[in-house]
Structure formats: C-alpha cells, structure tokens
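What follows is a single structure, written as structure tokens, with notes after it.
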Amino acid sequence: FADDTRISRKITSEEDKVLLQKYLNVIYDWANKNLMKFNENKFEQMSHGEAKNIKIEPYKTQSGNEIKIGETVRDLGVIANNNLLFREHIDNIVTSSKIMSGVLLRTFSTRQEEPMMRMFNSYIKSKLEYCSLVWSPWHQNEINKLERIQKNFTSKIYGLDQLDYHQRLKKLNLYSLERRRERYLIINAWQQIEGLTENVLGLKARRLGRSRRIVSAKIPIGINGKRIKERDRTLIHNSTARKSERLFNVLPQSVRNITETTTETFKRHLDKWLSSIPDTPKIDGYGTNVAAETNSIFHQTRYCIVR
1 FADDTRISRK ITSEEDKVLL QKYLNVIYDW ANKNLMKFNE NKFEQMSHGE AKNIKIEPYK
61 TQSGNEIKIG ETVRDLGVIA NNNLLFREHI DNIVTSSKIM SGVLLRTFST RQEEPMMRMF
121 NSYIKSKLEY CSLVWSPWHQ NEINKLERIQ KNFTSKIYGL DQLDYHQRLK KLNLYSLERR
181 RERYLIINAW QQIEGLTENV LGLKARRLGR SRRIVSAKIP IGINGKRIKE RDRTLIHNST
241 ARKSERLFNV LPQSVRNITE TTTETFKRHL DKWLSSIPDT PKIDGYGTNV AAETNSIFHQ
301 TRYCIVR
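The opening residue of the sequence shown carries number 1 in UniProt numbering; numbering runs sequentially from there.
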C-alpha cells in the first residue's frame, strides 16, 4: 500500500483543475506499475482559500468514483482543517489529555512530585506537544485550553496544592506549555537557518550590522490587483514562519549570533536567557498579575526591556 500520500496544486482556473486530475491519473498509473495499491475508501479532498469563479468539485479516483470533499483531514495524527486554525485538533488533544489525566489519577494513588511528573511527561505532555510546530495556536482561548491541562495536573501534586500556577512552575522548574511551544519554534528556526534541517519555512537570515536576524517580506496589501482580506493577512501573520521570525528576532544578539555549533549548545544558551524572562501564563484570573500583554516571549521580553 502507498500510505500517507498527499498531492496539492494551486487552482486559479478551470485548466488547473483539469491538470490536477491529470496528475492524479499519472500517480494511479505509477502505483499500478510498481505493484502498489491505493485504498480509495480513504481518499479525502480539502480546499484552502478562495478562487473567483472557480467551483470546488470532487476529483476522481482510479475507478471513477468521486473523492469525498471535507473540511478536515487527519494527516500523520494531526487534524488539519480548511481554515488553517487547527481548532478541531486542539480540542481533540485537550479531550484526550483530560481523559488520560483522569485515568492516571484514578489508577495511581501517589501524589508525590517525581512519579506525578514522570506520568505527566510520559503520557500527557507528549500528546499536547506532538507536531506543535505545525498547529501552535495564537488565539488566547486555545492557548488557555492547553495550558489548563498542566495547570490542573500539577495542582494535584502533594505539597504544591497551596501554590498558584505561576509559583508551581518555578517550584517544579517547569516551562509553561506555551513557553515550550515557542522555545521549539525558536530552536527549529535556528536549525533551519544553520542548515541543520531542511529549510521548509524558507527562512532567510541576514546580518544587520553585528546582529543576525531573520528577515521576510512584508505581508502585501494585495496580490494580482486583488486586496488580501484582513482574515488572510492575520493567518499569514500568525503562520509558523512568521511566528518563528518574530520570536527569533527578540532574542539577544549574543544568542541570535550563535552559529556553527551543535543544537545542544544553542539550547543551553537559549535556556539560560529564557530563565531571565517571566513565564506567567494569563489564565483563569492570573491575567491581572501579569504586566505584559500576553505570556508570549515576544511580549514578555518587550516588557522586561521597558521595565
């Protein structure tokens, strides 16, 4: 079987639709020649964006059946949807993590720190962070949904029930889940501009004086004479590439300029700097105690500099 196969094409005309079906037919022929088989019952079709005067229609399987058009597609464990917000995926992993938390707390009577954190890291955190580079949320509501899982679980640890969440993070020497996701984005961005991993985001680093920064083109107002909708500009602004750029560029020059070394060395320098940046999630009434606009490194760093 040819598992997890994906094909995509930008559709701007009826001719593009015909070409995409042609490419599908070529792939079907390739599979037959190589004695492979596609499971047509699992075929899925999803479209992103809009194209004027282009009607979305189902493409055909090898046997001539129409491929089902859906709003969501599960790809390697991540639920992607056609609005690029990943809300279904976030809701799914939050629900799954809540269930797992309940199972662990009912199964094991201990509330000691070491076994509790081992259970959390092994069975829950892995769910909450799988492929987070792809779906990391920017809406505060989704950020809070995820953060509550760690907040609630750590409140069950013996001796920490009287501490608030911010205090528990310090006591346990933990990053918030939001901080961990942003840390991953920074590390991944550094690896890509260093050539240690494939630069799938197309990140470009430049020297501005003595400082290295990631620089990308400004989000255009329009394309081909058509104004880009504000919603689409917001999606671009909060895409993985743009978030990675903003987070990398708020690092101090001494960290941004680290080059030609191992990822572990970069991580050590990054973590040393992050230890000086407040990690205080604005969740469930904690917002009044946080001066920064959000708990993002981008805002917390700016607040620290001003302060």
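No residue lacks a Cβ here, since even glycine has one placed at the ideal position from N, Cα and C.
Check	Outcome
Proximal residues to N82 (C-beta, below 7 Å), its chain only, five neighbours per side dropped	M46, S47, H48, E71
Between the CA atoms of N92 and N65 - distance to the nearest angstrom	31 Å
Inter-residue Cα distance where the pair is T294 and L24	45 Å
V306 burial status per 10 Å Cβ neighbour count (16 or more: buried)	Low per-residue confidence applies at V306: pLDDT is 38, beneath 50, and the placement is therefore not dependable enough to give any value.
Start-end ranges of the beta strand (DSSP E) lying completely within the region 189 to 252, minimum 3 residues	205 to 208, 211 to 214
Option in N39, E114, E14 with minimal Cα separation from T5	N39
Separation of L270 from Q253, as counted between CA atoms	11 Å
Own chain, CB closer than 7 Å to T12, minus 5 neighbours either side, in chain order	A51
Pairwise C-alpha distance: L76 and I7	15 Å
Closest by C-alpha distance to L160, when choosing among R256, M117, N188	M117
Q300 burial status per 10 Å Cβ neighbour count (16 or more: buried)	buried
L177 and T263 closer than 8 Å at C-beta	no
Spatial distance of I187 from S63 (CA atoms)	45 Å
Cα-Cα separation, G31 to E14	It is Ala, not Gly, that sits at residue 31 in the sequence shown. Near 26 Å, if we compare the C-alpha coordinates of E14 and A31.
Touching by the beta-carbon criterion (3+ pairs, under 8 Å), the region 139 to 157 and the region 167 to 182	yes
7 Å Cβ shell around S132 - same chain, five flanking residues per side excluded	R181, Y184
S276 burial status per 10 Å Cβ neighbour count (16 or more: buried)	exposed
Counterpart residues of D75 in DSSP-defined beta bridges	V78
8 Å contact criterion, which I124 and I149 should meet: CB distance rounded	7 Å
Contact belief for F298 with L247 at Cβ below 8 Å, rounded distance in angstroms	6 Å
Three-state secondary structure assigned by DSSP to Q300	helix
Outcome for Y158 when other beta-carbon atoms lying within 10 angstroms are tallied against a minimum of 16	exposed
Beta-carbon proximity check, K127 vs S155, cutoff 8 Å	no
CB contact check: I69 to chain C, cutoff 8 Å	Reference to chain C is not applicable here, since this structure consists of a single protein chain.
CA-to-CA distance, R106 to K204, given in whole angstroms	49 Å
Which of helix, strand or coil DSSP assigns to K282	coil
Nearest-angstrom Cβ-Cβ length linking F43 and I69, presumed shorter than 8 Å	About 11 Å separates the two Cβ atoms, so there is no contact after all.
Segment contact, 8 Å Cβ cut-off, at least three pairs: the region 212 to 226 with the region 162 to 173	no
Buried or exposed by the 16-neighbour rule on C-beta atoms within 10 Å, applied to A80	buried
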